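What follows is a single structure, written as structure tokens, with notes after it.
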Amino acid sequence: MASLYSSFPISIRNRENPNCVKKALMSYVSSSCSRSCFTISADLNPKARFIAKRTETIEVQQLERPLIEYMSLPASQYSVLDAERIERVDENTFRCYVTRIKFFAFEVCPVLLVRVEEQPNGCCIRLLSCKLEGSPMVVAQNEKFSASMVNQISCSRELINSVQQLTSDTIIEVAIEIPFAFQLVPVEAIESTGRQVLEQILRIMLPRFMAQLVKDYKAWATGDMSRQPLGTGEI
Numbered sequence: 002m003a004s005l006y007s008s009f010p011i012s013i014r015n016r017e018n019p020n021c022v023k024k025a026l027m028s029y030v031s032s033s034c035s036r037s038c039f040t041i042s043a044d045l046n047p048k049a050r051f052i053a054k055r056t057e058t059i060e061v062q063q064l065e066r067p068l069i070e071y072m073s074l075p076a077s078q079y080s081v082l083d084a085e086r087i088e089r090v091d092e093n094t095f096r097c098y099v100t101r102i103k104f105f106a107f108e109v110c111p112v113l114l115v116r117v118e119e120q121p122n123g124c125c126i127r128l129l130s131c132k133l134e135g136s137p138m139v140v141a142q143n144e145k146f147s148a149s150m151v152n153q154i155s156c157s158r159e160l161i162n163s164v165q166q167l168t169s170d171t172i173i174e175v176a177i178e179i180p181f182a183f184q185l186v187p188v189e190a191i192e193s194t195g196r197q198v199l200e201q202i203l204r205i206m207l208p209r210f211m212a213q214l215v216k217d218y219k220a221w222a223t224g225d226m227s228r229q230p231l232g233t234g235e236i
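Residue numbers for the sequence shown follow the working numbering, so the first one is 2 and each next one is one higher.
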């Protein structure tokens, strides 16, 4: 029994009085529970998760040089770059400045670092990192969110009436720790809004990107080796 009493981090002077012992034990248990509950609640930060998918397909008229040959070019030869929004980091890596988007009362400007992986019928664009620019509160979220994106671009092997299909299949996923100011908003409402924002981004960006890709293919197919960036800062 002496060893049991000595294990408690409290002083029990009158061990002969059962009431004193009982009160001491209850006090210890109560204080321990309070500390444990506080620790658990501090670690439980609510999170929201947004996912958006979109497939965009465009028909491309085959020219003198085949589309599939163009799609097999190494990333170092791409000239589809939007000079106002995209900068090359190295041969396969690019930094993209997405136009400002509105999320609740905040304006957010995502800066994406992506890598282009060459594939037999096209390429795969993968997100390496994403940094948020905007107000101090927006910037503070950089340590509290994660994002992933895969954009699979491919052209069909079938040629019908000199026309091939070019397809972009994209999925974006974002997980974010909900800021304290929004913790009274239902998680479902935040996730619904976030999903709509991502879907709007894909709905605007993919057609523009595909149109630029087709323009660059036409320039390449006609032998224009001095192809210049085709964008207008609208990505």
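All C-beta atoms, glycine included, are put in the ideal place defined by N, C-alpha and C.
Everything numeric in this text was worked out from a predicted model, so none of it was measured.
In this model, residue 92 and residue 186 are separated by some 44 Å (Cα to Cα).
About 30 Å separates the beta carbon of residue 76 from that of residue 177, a gap too long to meet the 8 Å contact definition. Spatial neighbours of residue 121 in its own chain (CB-CB distance under 8 Å, excluding positions within 5 residues in sequence) are listed in chain order as 73. By alpha-carbon distance to residue 147, the top candidate from 111, 62, 155, 220 is 111.
In this structure, residue 139 places its C-beta atom within 8 Å of the C-beta atom of residue 107.
Here residue 195 is buried, its C-beta having at least 16 other C-beta atoms within 10 Å. Shortest Cα-Cα distance from residue 113 to any of 151, 206, 69, 96 involves 96. Every alpha helix (DSSP H) of 4 residues or more that sits fully in the stretch 79-166 is shown, in chain order, as 137-141.
A straight line joining the alpha-carbon of residue 133 with that of residue 65 spans about 43 Å. Rounded to the nearest angstrom, the gap between the Cα atoms of residue 124 and residue 143 is 29 Å. In this structure, DSSP gives residue 196 a helical state, which the three-state scheme calls helix. Cβ-Cβ separation between residue 51 and residue 175: approximately 5 Å, consistent with a contact (criterion under 8 Å). Judged by DSSP secondary structure, residue 70 falls within the alpha helix (DSSP H) whose first and last residues are 68-72. The C-beta separation of residue 171 from residue 55 comes to about 5 Å, placing the pair in contact by the 8 Å criterion.
Straight-line measurement puts the Cα of residue 101 at about 17 Å from the Cα of residue 141. Closest in alpha carbon position to residue 46, among 203, 181, 221, is 181.
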